[in-house]
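To start, the structure itself, in structure tokens.
Protein chains in written order, with this note's numbering: chain V, 1 to 330; chain U, 331 to 660.
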């Protein structure tokens with residue numbers, strides 16, 4: 001298997017090209033669009049980011065024999081839509097920072113964050129239609145609708161303090177997993193994947209997406225804010241029930257469960273009791289069990305690749321990406 | 331020419347089918363989507379609305395020989411995207427009412443209004459791709475990007491108290507005219523329009539859109555809130571510079587111009603001085619000149635139809651729609 005450090009070197013070239021493609025597209029948009037919109041696009045799209053979604057499209061496209069240059073254009077659509085959801089999420093969560101800098105919401109205001117998100121939304125669909133055709137567009141739009149649906153579920157579950165692991169998984173499927181699945185499936189579709197390969201890569205993406213989001217939710221408790229670029233403990237403060245907390249509530253004895261539920265139901269308590277919650281989660285192995293769950297999904301993702309040749313470099317990269325998702329600190 | 335009352339009867343059947351198509355689509359979405367999202371879709375999409383955009387697609391499609399049933403499905407995309415922009419606009423403007431009832435923003439909150447807008451955004455693109463194909467999608471996405479761009483321009487122009495008629499026209503082109511133009515052009519495209527016909531109908535839509543928005547801005551000053559379903563004087567309070575005010579500022583003598591500029595630059599003054607502003611606009615013929623401008627665009631729109639046979643019932647309807655736009659009170 002490719003080592004993660006080697007992997008990042010291999011991918012560095014692709015990441016650079018993704019960034020260049022985005023940068024060129026904004027330059028072209030600049031000729032006929034509002035200056036402030038352009039400024040926000042540069043700010044929100046070129047200020048870092050792991051580019052995991054476009055990379056997946058590119059690698060799956062390559063794996064399935066598609067090597068034309070326009071795969072980079074197609075792939076940017078995933079970064080655009082991802083950015084659009086971040087712009088809107090930061091409005092909804094009133095988040096001040098993103099990727100270590102002020103969020104678009106904070107830096108440019110609510111109005112601009114909503115409108116720039118809408119703009120990227122439309123632009124991403126135009127790109128998918130242009131470079132992928134109607135079939136890819138349907139997959140993409142459905143994944144997009146599912147994101148909004150998943151966020152609704154999350155909104156509703158925010159007040160559901162006694163939710164199950166299944167509730168949580170359903171939410172992150174909509175919010176993250178199906179969109180990452182669209183990135184891998186559309187890569188397969190523009191290549192010459194057969195039906196089984198397309199399905200396998202879509203499933204790989206879905207499982208990788210679960211793992212990715214679960215690790216994200218772990219990092220919200222355990223991450224180093226300097227590395228993640230986001231403040232720690234945000235989810236708890238916002239009342240978002242993620243897996244470490246859900247598992248702890250289910251494992252805890254009566255007294256501790258009552259204490260956990262008391263804290264999560266009160267905004268002020270949530271803001272003040274991060275350390276207490278953290279220790280209770282630790283006491284009931286919430287972090288460890290959560291990590292095991294992420295490992296399970298990554299194992300599943302890698303299992304989905306069994307039908308492809310192990311000799312193929314792209315398969316090695318997809319497997320290594322699974323390891324990267326588990327190891328990542330940001 | 332078809333009389334407006336006859337027109338509304340002719341169109342009533344189509345409006346009913348548009349409403350039924352939307353209602354059926356929501357019923358289908360209900361099986362796999364969050365209950366609250368579905369509730370908001372019904373609330374925001376089935377609570378009235380003139381349906382002018384889908385009607386234009388249907389009539390232009392018919393005019394160009396397209397009579398298949400799925401034109402109604404295609405046409406709903408325009409109502410969906412329109413609703414999506416209203417959901418987001420009402421967040422941006424913090425508008426409490428829309429179509430005579432609490433806005434989605436007011437009734438369901440900021441989070442839900444943003445997410446439901448995003449959902450409809452994606453759904454509209456999926457519908458256009460499915461029933462219109464990639465070429466229609468490109469027109470649709472470009473018009474959508476242009477709406478966001480136009481709103482940015484409007485945001486920036488909100489603080490530009492000395493803007494010209496051209497600034498205003500550029501804003502409403504992006505905000506309204508090009509999207510209505512997409513509705514007529516896509517109707518032509520799914521029919522068998524030749525290039526000249528397609529262009530003529532796109533231009534008809536653009537000019538009609540200008541007229542429509544100018545009348546909208548007039549109604550914001552002169553409308554009857556019971557009929558429009560929106561409070562009067564909103565634009566002024568929000569500091570939005572629309573044509574009646576812009577023309578008055580340009581026509582006014584030095585003293586009155588200073589007074590107008592003093593009022594519009596101060597939020598508190600704007601909230602308290604609606605009557606004074608109204609009278610000053612009246613003094614300098616701002617309303618009359620604005621109406622003349624709307625009439626000019628409607629005349630242009632009707633001129634764009636010259637290449638079609640006057641015998642065709644659909645042409646009569648398109649012409650009558652121009653008259654309707656001028657006569658409408660809501």
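C-beta atoms are modelled at their ideal positions from N, C-alpha and C, and glycine is treated no differently.
Below 8 Å on the Cβ atoms is my guess for residue i versus residue j; work out the distance and round it to an integer in Å.
| i | j | result |
| --- | --- | --- |
| residue 118 of chain V | residue 532 of chain U | The Cβ separation is near 23 Å, so there is no contact. |
| residue 539 of chain U | residue 506 of chain U | 5 Å |
| residue 49 of chain V | residue 99 of chain V | 6 Å |
| residue 60 of chain V | residue 188 of chain V | 5 Å |
| residue 451 of chain U | residue 121 of chain V | 5 Å |
| residue 271 of chain V | residue 93 of chain V | The pair is not a contact, with the Cβ atoms about 14 Å apart (cut-off 8 Å). |
| residue 45 of chain V | residue 83 of chain V | 6 Å |
| residue 656 of chain U | residue 628 of chain U | 6 Å |
| residue 111 of chain V | residue 485 of chain U | 6 Å |
If you count every other CB in all the chains shown that lies within 10 Å of the CB of residue i, and 16 or more means buried, which is it?
| i | result |
| --- | --- |
| residue 304 of chain V | buried |
| residue 494 of chain U | exposed |
| residue 592 of chain U | exposed |
| residue 68 of chain V | exposed |
| residue 554 of chain U | exposed |
| residue 220 of chain V | buried |
| residue 151 of chain V | buried |
| residue 346 of chain U | exposed |
| residue 90 of chain V | buried |
| residue 560 of chain U | buried |
| residue 320 of chain V | buried |
| residue 21 of chain V | buried |
| residue 537 of chain U | buried |
| residue 353 of chain U | exposed |
| residue 344 of chain U | buried |
| residue 636 of chain U | exposed |
| residue 618 of chain U | exposed |
| residue 514 of chain U | buried |
| residue 339 of chain U | exposed |
Using alpha carbons as the reference points, say which of the options lies closest to residue i.
| i | options | result |
| --- | --- | --- |
| residue 30 of chain V | V:91, V:314 and V:42 | V:42 |
| residue 615 of chain U | U:636, U:603, U:576 and U:630 | U:576 |
| residue 465 of chain U | V:104, V:129 and V:10 | V:129 |
| residue 527 of chain U | U:638, U:344 and U:352 | U:638 |
| residue 522 of chain U | U:395, U:652 and U:346 | U:395 |
| residue 243 of chain V | V:59, V:172, V:232 and V:93 | V:172 |
| residue 630 of chain U | U:530, U:420, U:476 and U:342 | U:530 |
| residue 654 of chain U | U:368, U:554, U:625 and U:354 | U:625 |
| residue 280 of chain U | U:358, U:482 and U:392 | The question about residue 280 of chain U has no answer, for chain U in this structure spans 331 to 660. |
| residue 367 of chain U | V:240, V:145 and V:216 | V:145 |
| residue 73 of chain V | V:282, V:125, V:275 and V:91 | V:125 |
| residue 510 of chain U | U:623, U:657, U:411 and U:646 | U:411 |
| residue 609 of chain U | U:632, U:424, U:421 and U:579 | U:579 |
| residue 349 of chain U | U:377, U:365 and U:339 | U:377 |
| residue 571 of chain U | U:488, U:443 and U:414 | U:488 |
| residue 516 of chain U | U:547, U:462 and U:440 | U:462 |
| residue 545 of chain U | U:602, U:622, U:508 and U:586 | U:622 |
| residue 232 of chain V | V:112, V:161, V:114 and V:96 | V:96 |
| residue 566 of chain U | U:620, U:594 and U:354 | U:594 |
| residue 142 of chain V | U:457, U:601 and U:557 | U:457 |
| residue 556 of chain U | U:440, U:381, U:660 and U:542 | U:660 |
| residue 417 of chain U | U:437, U:432 and U:444 | U:444 |
| residue 648 of chain U | U:438, U:632 and U:657 | U:632 |
| residue 168 of chain V | V:217, V:184 and V:139 | V:217 |
| residue 355 of chain U | U:400, U:336 and U:441 | U:400 |
| residue 520 of chain U | U:604, U:440, U:490 and U:469 | U:469 |
With a threshold of 7 Å, establish whether the CB of residue i neighbours any heavy atom of the ligand MN.
| i | result |
| --- | --- |
| residue 566 of chain U | This structure lacks the ligand MN, and indeed carries no ligand of any kind. |
If you pair each beta-carbon of the region 406–415 of chain U with each one of the region 53–62 of chain V, do three or more pairs fall below 8 Å? Touching, no, given that fewer than three Cβ pairs across the two stretches are closer than 8 Å.
Can you pull out the residues from the region 408–423 of chain U whose beta carbon lies closer than 7 Å to at least one beta carbon of chain V? From the region 408–423 of chain U, only 418, 421 and 422 have a Cβ closer than 7 Å to chain V.
Can you give me, in chain order, the residues of the region 462–486 of chain U that have a beta carbon less than 8 Å from any beta carbon in chain V? Against chain V - using a Cβ distance shorter than 8 Å - the residues of the region 462–486 of chain U are 463, 464, 467, 468, 471, 472, 474, 475, 477, 478, 479, 481, 482, 483, 485 and 486.
Residues in the region 358–374 of chain U having any Cβ partner in chain V nearer than 7 Å: Near chain V, meaning a CB-to-CB distance below 7 Å, the residues of the region 358–374 of chain U are 363, 364, 366 and 367.
If you measure beta-carbon to beta-carbon, which residues of the region 515–527 of chain U are closer than 7 Å to chain B? Absent from the structure: chain B. Protein chains present are V and U.
Under 9 Å (Cβ pairs) to chain U, residues found in the region 223–246 of chain V: Residues of the region 223–246 of chain V with a C-beta less than 9 Å from any C-beta of chain U: none at all.
Check distances from the C-beta atoms of the region 491–509 of chain U to those of chain V and list, in chain order, the residues that come in under 7 Å. For chain V, none of the residues of the region 491–509 of chain U brings a beta carbon within less than 7 Å of one of its beta carbons.
Quick one, which residues of the region 580–600 of chain U are near chain V if we go by CB-CB under 8 Å, in chain order? Listed by position, the residues of the region 580–600 of chain U near chain V (Cβ gap below 8 Å) amount to none.
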